[in-house]
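Data first, discussion second: the structure below is written as structure tokens.
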Amino acid sequence: QVKKKLVKGNVKRIVGVGVGDLGTIAVDVSGDCPKLPPIVMTKLVGGALPDYPGLSIGEIKEFPEECSFNYTIDVISASQLSVEDKTVRISDASSFMKDLNCPEFMENFNAIMEESKLRVEVTDMVPTSSRGLSQLEFHLEWDKPANATPEDLLDGVCFIYNGSQLLQVLDYRASISEQEIHDGELTKEKSLLGRSINRAIQHSGDDVTSTGGQHRIAMDLDAFPLLVTDLYFVMASSGRTNDGPRDLSAFRNTRVEIHDVVLGRMLTEYKIPTGEKAQARVMCKLSRDPDHNKWVVHGLGIPTEGSVKDYAPIRSLLADRQAGYLRWQRRKHLVVIRVLWKKRRMTEGATNEFALLCKRVLGLPLPAFQCLVKLF
Numbered sequence: 012q013v014k015k016k017l018v019k020g021n022v023k024r025i026v027g028v029g030v031g032d033l034g035t036i037a038v039d040v041s042g043d044c045p046k047l048p049p050i051v052m053t054k055l056v057g058g059a060l061p062d063y064p065g066l067s068i069g070e071i072k073e074f075p076e077e078c079s080f081n082y083t084i085d086v087i088s089a090s091q092l093s094v095e096d097k098t099v100r101i102s103d104a105s106s107f108m109k110d111l112n113c114p115e116f117m118e119n120f121n122a123i124m125e126e127s128k129l130r131v132e133v134t135d136m137v138p139t140s141s142r143g144l145s146q147l148e149f150h151l152e153w154d155k156p157a158n159a160t161p162e163d164l165l166d167g168v169c170f171i172y173n174g175s176q177l178l179q180v181l182d183y184r185a186s187i188s189e190q191e192i193h194d195g196e197l198t199k200e201k202s203l204l205g206r207s208i209n210r211a212i213q214h215s216g217d218d219v220t221s222t223g224g225q226h227r228i229a230m231d232l233d234a235f236p237l238l239v240t241d242l243y244f245v246m247a248s249s250g251r252t253n254d255g256p257r258d259l260s261a262f263r264n265t266r267v268e269i270h271d272v273v274l275g276r277m278l279t280e281y282k283i284p285t286g287e288k289a290q291a292r293v294m295c296k297l298s299r300d301p302d303h304n305k306w307v308v309h310g311l312g313i314p315t316e317g318s319v320k321d322y323a324p325i326r327s328l329l330a331d332r333q334a335g336y337l338r339w340q341r342r343k344h345l346v347v348i349r350v351l352w353k354k355r356r357m358t359e360g361a362t363n364e365f366a367l368l369c370k371r372v373l374g375l376p377l378p379a380f381q382c383l384v385k386l387f
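Shown next, in the form of structure tokens:
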């Protein structure tokens, strides 16, 4: 229909690409072809797609025959990845970048475009470069409940751990004054550690309007002290009703996004279930990989009791999740000794009853040894 509307010979090609209900139509025309107003294009495309009566056309843009663009690829480091029920082995970002810069990559890319009926020629203008993802920002936005009071707010809270020990809690009050919420008594070392953490992560404080509000938590993962192992991000309510703390179901259009600060783009988003009756929700956790010093994101979505005015239930939940560090501390030495024994890097040097007992324990079959270790 577009070809019929335009002067014969002016239209070279028409290409459409899209996913779901969104797509783009590209019309390759000669330079002297008259422009079509948006209303005409809407009628033409709507006539070609009669099954979509609510079809709307966005802004029509003109592009030259050649154009350049930048692209970004997020690389998740892992030993292997499952793609369409097939196991694909990958290494890390450096080897991935090397593959992108090899000549065969562009040849394969153009071949795939040809198979997709997109007859274009793509060339790389500059070599591919990489950087670690360290500067992140969490966005929390919400609409206020009906008949809301000034206290009806949501807060984005970050609980910062060193293994099983809570080092710091960062909430909206951190933008006003330094606060020290942690396990154990306050010492000079803990105070200095808290200041170091506060330099790596900042809370925007309350940014509230008459209809809703938003919070921002900005962080530089490379700036955290090496003692920091885990960051938990929690959404909690601060309002109250006659029956107690207000739950999350009262807030509308609640959304959480994670942004890459350097490029200013959204990495991922979280949808908050409607009708959430919990007072708080543990959204996700960032954990430091001790072997490679890299951060790994774990999506959680755990509903829990507790609020901005009472963190005790939330701290109890997170303490249970962090208890694995304590269990490893108790089991580590026994596991290491068994590995040394199996690798023949430890020899028998005593014959007393305790030494014979240890020898029998270390020589247990693996399932039996694992059951024994779970008792510690």
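Numbered per our numbering, the sequence shown finishes at 387, counting up by one with no gaps.
A virtual CB, placed ideally from N, CA and C, is assigned to each residue, including glycine.
Bear in mind the structure is a predicted one, so any value in this text is a computation, not a measurement.
Same chain only: Cβ atoms within 7 Å of W352, ignoring 5 sequence neighbours per side
L373
To the nearest angstrom, report how far apart R371 and E364 are at their CA atoms.
11 Å
Three-state secondary structure assigned by DSSP to S106
helix
Taking the beta carbon of K128 as the centre, do at least 16 other beta carbons fall within 10 Å, making it buried, or is it exposed?
exposed
I want to know whether the region 231 to 238 touches the region 260 to 269 - three or more CB-CB distances under 8 Å.
no
Considering just the uninterrupted stretch of the beta strand (DSSP E) at M294, what are its terminal residues?
291 to 300
A234 - DSSP class collapsed to helix/strand/coil
helix
With distances taken between CB atoms, is the gap from V56 to V40 smaller than 8 Å?
no
Can you find at least 3 beta carbon pairs, one from the region 213 to 228 and one from the region 149 to 157, that sit closer than 8 Å?
yes
Counting only runs of 3+ residues fully inside the region 156 to 214, write out the beta strand (DSSP E) ranges in chain order.
165 to 173, 176 to 181, 212 to 214
What does L33 pair with, by DSSP beta-bridge criteria?
V30
Confirm, please, whether the CB-CB distance from M246 to M294 is below 8 Å.
yes
Alpha carbon to alpha carbon, what distance is there between P301 and W339?
14 Å
DSSP state of S90 mapped onto helix, strand, coil
Reliability of the predicted coordinates at S90 is poor, the pLDDT of 49 falling under 50, and the value obtained from them is presented with this limitation in mind. Three-state result, S90: coil.
Please go through the same chain and pick out, in chain order, the residues whose beta-carbon is closer than 7 Å to the beta-carbon of K288, but skip the five residues on each side of it.
D258, S260
Quick one: grab the DSSP three-state call for I123.
helix
Do the region 160 to 174 and the region 131 to 148 touch if we need at least three Cβ pairs shorter than 8 Å?
no
Helix, strand or coil: how does DSSP classify S280 here?
It should be noted that the sequence gives Glu, not Ser, for residue 280. Of the three classes helix, strand and coil, the one that applies to E280 here is strand, per DSSP.
Alpha carbon to alpha carbon, what distance is there between V272 and S318?
29 Å
Compute the distance between the beta-carbons of L178 and I208, then report whether it is under 8 Å.
yes
According to DSSP, simplified to helix, strand and coil, what is L337?
helix
Return the CA-CA distance between S90 and W306, expressed in angstroms with no decimal places.
Interpretation of S90 is limited by its pLDDT of 49, a score under 50 that renders its predicted location unreliable; the figure taken from the coordinates is listed afterwards. Looking at the two C-alpha atoms, the distance is approximately 15 Å.
What is the rounded straight-line gap between the Cα of E359 and the Cα of S105?
45 Å
Taking 8 Å as the threshold (C-beta atoms), are K296 and L377 in contact?
no
N-terminal and C-terminal residue of the alpha helix (DSSP H) that F365 is part of
364 to 373
Starting from K305 and walking both ways along the beta strand (DSSP E), at which residues does that stretch end?
305 to 315
Measure the C-alpha to C-alpha separation of M124 and D135 and round it to an integer number of angstroms.
15 Å
Would you call I283 buried or exposed, if buried means 16 or more other Cβ atoms sit within 10 Å of its Cβ?
buried
Just tell me which of V131, T362, L337 has its CA closest to the CA of R24.
V131
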